[in-house]
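This note's numbering applies: residue 5 is where the sequence shown begins, and numbers increase by one.
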Amino acid sequence: IMNQNEVIKAMTFELEKYIPFNKDEINFDFGILKKNKNTGKMLVLIAAAKKELVDIRMGLCQSLGFRPSFIDVCPLAAANYFEFMKEMKDKEVCAVVNLGASISSVGIIEDGQLVLSRDIFIGGNDFTKKLAEFLNKTFEEAEGVKLNSLDDNMVQYLEPVYNNLVKELKVSFDFYETQANRLIDRIVITGGAALLKGVKEAFKHSLGQEVEVTAFKPGAFDLSKSLNAEEFAKNFNFYTIALGMALRDFK
Numbered sequence: 005i006m007n008q009n010e011v012i013k014a015m016t017f018e019l020e021k022y023i024p025f026n027k028d029e030i031n032f033d034f035g036i037l038k039k040n041k042n043t044g045k046m047l048v049l050i051a052a053a054k055k056e057l058v059d060i061r062m063g064l065c066q067s068l069g070f071r072p073s074f075i076d077v078c079p080l081a082a083a084n085y086f087e088f089m090k091e092m093k094d095k096e097v098c099a100v101v102n103l104g105a106s107i108s109s110v111g112i113i114e115d116g117q118l119v120l121s122r123d124i125f126i127g128g129n130d131f132t133k134k135l136a137e138f139l140n141k142t143f144e145e146a147e148g149v150k151l152n153s154l155d156d157n158m159v160q161y162l163e164p165v166y167n168n169l170v171k172e173l174k175v176s177f178d179f180y181e182t183q184a185n186r187l188i189d190r191i192v193i194t195g196g197a198a199l200l201k202g203v204k205e206a207f208k209h210s211l212g213q214e215v216e217v218t219a220f221k222p223g224a225f226d227l228s229k230s231l232n233a234e235e236f237a238k239n240f241n242f243y244t245i246a247l248g249m250a251l252r253d254f255k
């Protein structure tokens, strides 16, 4: 089995097989998940992002007076949150789906380790755009309706967005189950769009298994007195990724 320096050298050659960009255009890191001494093979997880996207986010942080100590990707942050909260069971395969505003991500955690991740370019904004079309309202007006007063007719009109998202999730699930020869035992959704009416039910119906929504656990965190605990609990799904990053160095 290669040592760490040998793996680093090998990665510079192997990277372009798996990343659809020139290696000079990206920042990347990797971690060794498993080593098989009998075959000499290793399972390696790669995380990569285009430099221009990283630079935009770094510039924003610096303009606000922050000095980031590390950069992470959403599936790893979500996996870290679930590990810290001891949400995973032994010998379990869990798919964690983070439904963001413009991008959703899926991370598959196998026996406590993230083994597959993928970004899906469908998110809460796509629901808002579709709703604006249905209601003949501006994006901002439709966003308010989406967050506060969705009814069954609106949810039905949003089905194409649900279906497109689920279709992409199935691609990831099928790929994992074929490669690993294991089934996904559990599906958890988080992120702001996970709170939308009809999302959990649509996922359950289309994926054919129970779907959980991340929930705040009273007593899990020592909240600042300046924080509205009720609002924090209500909107907890917005903070899962941020918490996963903040808990990165905690054991």
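A virtual CB, placed ideally from N, CA and C, is assigned to each residue, including glycine.
By alpha-carbon positions, which one of the options ends up nearest to residue i?
i      : options                           : result
Gly223 : Gly212, Phe236, Val217 and Gln160 : Phe236
Met62  : Ile50, Ala51, Ala52 and Ile75     : Ile75
Asp123 : Phe143, Pro164 and Val77          : Val77
Asp130 : Leu162, Gly202, Leu80 and Asn9    : Leu162
Val110 : Leu199, Pro79, Ala246 and Phe125  : Pro79
Gly248 : Glu87, Leu37, Val175 and Val11    : Glu87
Can you give the Cα-Cα distance for residue i and residue j, rounded to whole angstroms?
i      : j      : result
Lys204 : Val217 : 7 Å
Lys45  : Arg252 : 28 Å
Pro24  : Ala52  : 10 Å
Ala197 : Cys65  : 24 Å
Gly195 : Val170 : 16 Å
Ala219 : Met89  : 11 Å
Thr43  : Asp178 : 26 Å
Phe17  : Lys27  : 9 Å
Thr132 : Phe143 : 6 Å
Asn167 : Lys208 : 12 Å
Gln183 : Pro164 : 29 Å
Asn31  : Val119 : 20 Å
Asn185 : Glu145 : 46 Å
Starting from residue i, trace the alpha helix (DSSP H) in both directions and tell me its first and last residue.
i      : result
Glu172 : Glu163 to Ala184
Ser210 : Val203 to Leu211
Ala250 : Thr244 to Ala250
Asn9   : Gln8 to Tyr22
Gly228 : Note on residue identity: the sequence assigns Ser, not Gly, to residue 228. Segment: none, Ser228 is in no alpha helix (DSSP H) and carries neither H nor E.
Within the same chain, show all residues whose beta-carbon is closer than 7 Å to that of residue i, passing over the 5 residues directly before and after it, in chain order.
i      : result
Met158 : Leu135 and Phe138
Glu29  : Lys54 and Lys55
Cys98  : Met92, Ile113, Asp189, Arg190 and Val192
Ala214 : First, the amino acid is wrong: residue 214 is Glu here, not Ala. If we look at Glu214 and ignore the five residues flanking it on each side, its Cβ neighbours are Lys208.
Lys150 : Phe131, Thr132, Leu135 and Leu200
Please report the residue range of the beta strand (DSSP E) in which residue i lies.
i      : result
Val77  : Per DSSP, Val77 belongs to no beta strand (DSSP E) and is neither H nor E.
Gly111 : Ser108 to Glu114
Ala198 : No beta strand (DSSP E) contains Ala198, which DSSP labels as neither H nor E.
Glu216 : Val215 to Val217
Ala99  : Val97 to Leu103
Name the DSSP beta bridge partners of residue i, please?
i      : result
Leu38  : In the sequence as displayed, the identity of residue 38 is Lys instead of Leu. Lys38 pairs with Leu47.
Ser121 : Gly111
Asn26  : Per DSSP, none; premise fails for Asn26.
Arg190 : Cys98
I want to check one thing, is the minimum distance from the CB of residue i to the heavy atoms of the ligand NAD below 7 Å?
i     : result
Asn42 : Only the bare structure without any ligand can be found here, which leaves the ligand NAD out of the picture.
Apart from the five residues on each side of it in sequence, which residues of its chain come closer than 6 Å, Cβ to Cβ, to residue i?
i      : result
Glu96  : Asp189
Ala105 : Gly127, Gly128 and Asn129
Would you verify that the beta carbon of residue i is, or is not, closer than 8 Å to some beta carbon of chain B?
i      : result
Tyr161 : Absence of chain B from the displayed structure is noted, only one protein chain being present.
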